[in-house]
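In our numbering, the protein residues as written are 1 to 423.
Where a beta carbon is used, it is the ideal one built from N, C-alpha and C, also for glycine.
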């Protein structure tokens, strides 16, 4: 149901289960709707996102909160008592000062936001945490999603913790580590022949079928709430930098929502007076084998041409990214760029990050690190400015992407050690 702006503010005050959330707002035409399990505008079919009526938010109040994403509850579509509810409680992952990597790349100040430290070892725990609370408020009984791997595991775990049934859908042929991690929580895991985009279309059809009654699809009918979880990356980075924004940030692109919501989070912090209003540049990163946004950026287009993914970076293998046009808007508005690297460069960057900083990234982290290096060489990224690069998942999930093993196998003696040239 569409509502006016004044009605939205009133509804937001009354809708205590969603905290400061006031309404859903169309990103294209601005039409506003009551908070509910919807994701598209009925007038222009544009995507909906959460609009807020924030109260007073202070650094001190945030610091007094729990050591997870719920410290930012006053900025999220969740109830004030959210920390008391059964959830995976992700967040507050390390911001690693990457001096050795910076030296190797010729940079002055570089940080790695390492989200492999989340409960299921990817940033997807953040977005699923928001979706769980929305599903709880809407009375759904089953959590579902279309996933390239990490989201499937995050939904399975969160459903188990919160007492939901789960049924998640993935394209056949994902990395074994991600399949096992999604299946171990006891929910249903269904592989479909086809790409992620095929899986996503199937889920959209399921929503309109009686078999999907009572199902919350975290990245479809719960997407406006789910997507807000990515803002917590922006909040944490700013807080961990001493309440300032990085001058440059490199973000991987799958659907593109993570990048656009990080930008939204930065803008909210500025509007609330929690950080100084200073320029920052947002850079997007894709693998060459699935780089529709990077190609559109390079060619100066505003429309994303869908592609069929062919890359080892399967967590980013979305050939028709929903937020692609908005990624272009953010990167152009902030003076950033969108780059891409091939699979060999991804593997090399995974090794580089591990060797210099002890961070074992999954392929998406190899993409961001590789694109950072490429954009530095092209002069798009300023090596003198403080930069954050995101690692969104654990390398243990994508072991097949790297070729690493024992240095040598020897007899258990000093002589053998010396003879092998290891002394």
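Worksheet entry | residue 138 versus 368, 396, 215, 406, residue with shortest Cα-Cα distance | Along the chain shown, read from residue 1 onward, the residue named residue 138 stands at position 138. Selected option, being the one with the closest Cα: 215.
Fill in: For residue 305, the three-state DSSP class (helix, strand or coil)
Against the chain shown, residue 305 aligns to sequence position 305. Coil.
Worksheet entry | Identity of the residues DSSP links to residue 170 by a beta bridge | Within the chain shown, numbered from 1, the residue matching residue 170 stands at position 170. By DSSP's assignment, residue 170 forms a beta bridge with 191.
Worksheet item: What are the start and end residues of each continuous beta strand (DSSP E) run of 3 or more residues lying completely inside the region 124 to 152, in chain order?
Response: Fully contained in the region 124 to 152 are the following beta strand (DSSP E) runs of length 3 or more, in chain order: 142 to 146.
Worksheet item: DSSP on residue 24, reduced to helix/strand/coil?
Response: Reading the chain shown from its first residue, position 24 is the one you call residue 24. In the structure shown, residue 24 sits in a strand (DSSP, three-state: E or B).
Worksheet item: Could you give the distance in angstroms between the alpha-carbon of residue 230 and the alpha-carbon of residue 183?
Response: Within the chain shown, the letter at position 230 stands for residue 230. Within the chain shown, the letter at position 183 stands for residue 183. If you take the alpha carbons of residue 230 and residue 183, they lie about 24 Å apart.
Practice prompt. Could you check the C-alpha separation between residue 10 and residue 88 for me, to the nearest Å?
Written response: For this step, residue 10 is matched to residue 10 along the chain shown. For this step, residue 88 is matched to residue 88 along the chain shown. Since pLDDT at residue 10 reaches only 41, below the 50 mark, its modelled position is unreliable, and no value is offered.
Discussion item. If you measure between the beta carbons of residue 391 and residue 365, is that distance less than 8 Å?
Written reply: Taking the first residue of the chain shown as position 1, residue 391 is located at position 391. Taking the first residue of the chain shown as position 1, residue 365 is located at position 365. Their beta carbons are under 8 Å apart, which means residue 391 touches residue 365 by this criterion.
Worksheet entry | Buried or exposed by the 16-neighbour rule on C-beta atoms within 10 Å, applied to residue 424 | With the chain represented from 1 up to 423, any question about residue 424 goes unanswered, as that position is not in the structure.
Fill in: residue 396 burial status per 10 Å Cβ neighbour count (16 or more: buried)
For this step, residue 396 is matched to residue 396 along the chain shown. Per the 10 Å Cβ criterion, exposed.
Worksheet item: Can residue 389 and residue 110 be called in contact, C-beta distance under 8 Å?
Response: To locate residue 389, count along the chain shown from 1; it is residue 389. To locate residue 110, count along the chain shown from 1; it is residue 110. Cβ atoms of residue 389 and residue 110: closer than 8 Å.
Worksheet item: Nearest-angstrom Cα distance between residue 172 and residue 320?
Response: Here the question's residue 172 lines up with position 172 in the chain shown. Here the question's residue 320 lines up with position 320 in the chain shown. Put simply, the backbone Cα of residue 172 is about 18 Å away from that of residue 320.
Worksheet entry | Inter-residue spacing [alpha-carbon to alpha-carbon] between residue 33 and residue 134 | Taking the first residue of the chain shown as position 1, residue 33 is located at position 33. Taking the first residue of the chain shown as position 1, residue 134 is located at position 134. Rounded to whole angstroms, residue 33 to residue 134 spans 16 Å at the Cα level.
Worksheet entry | Extent of the continuous alpha helix (DSSP H) to which residue 225 belongs | Position 225 of the chain shown, counted from the start, is the residue given in the question as residue 225. Where residue 225 is concerned, the enclosing alpha helix (DSSP H) stretches over 223 to 227.
Discussion item. Using the three-state DSSP reduction, which class does residue 62 fall into: helix, strand or coil?
Written reply: By 1-based counting over the chain shown, the position of residue 62 is 62. Residue 62 falls in the helix class under three-state DSSP.
Worksheet item: Taking contact to mean at least 3 C-beta pairs separated by less than 8 Å, is the region 280 to 294 in contact with the region 318 to 335?
Response: With contact defined as three or more Cβ pairs closer than 8 Å, the region 280 to 294 and the region 318 to 335 are in contact.
Fill in: Distance, residue 238 Cα to residue 246 Cα
Numbered from its first residue, the chain shown carries residue 246 at position 246. Numbered from its first residue, the chain shown carries residue 238 at position 238. Answer to the nearest angstrom: the Cα atoms are 7 Å apart.
Practice prompt. Buried or exposed for residue 141, please, with buried defined as at least 16 other CB atoms from any protein chain shown within 10 angstroms of its CB.
Written response: By 1-based counting over the chain shown, the position of residue 141 is 141. Residue 141 should be labelled exposed.
Practice prompt. Pick helix, strand or coil for residue 215, following the three-state DSSP scheme.
Written response: As a working note, residue 215 is residue 215 in the chain shown. Note: residue 215 maps to strand in three-state DSSP.
Item to complete: Tell whether a beta-carbon distance below 8 Å holds between residue 305 and residue 313.
Response: As a working note, residue 305 is residue 305 in the chain shown. As a working note, residue 313 is residue 313 in the chain shown. No, Cβ-Cβ distance for residue 305 and residue 313 is not below 8 Å.
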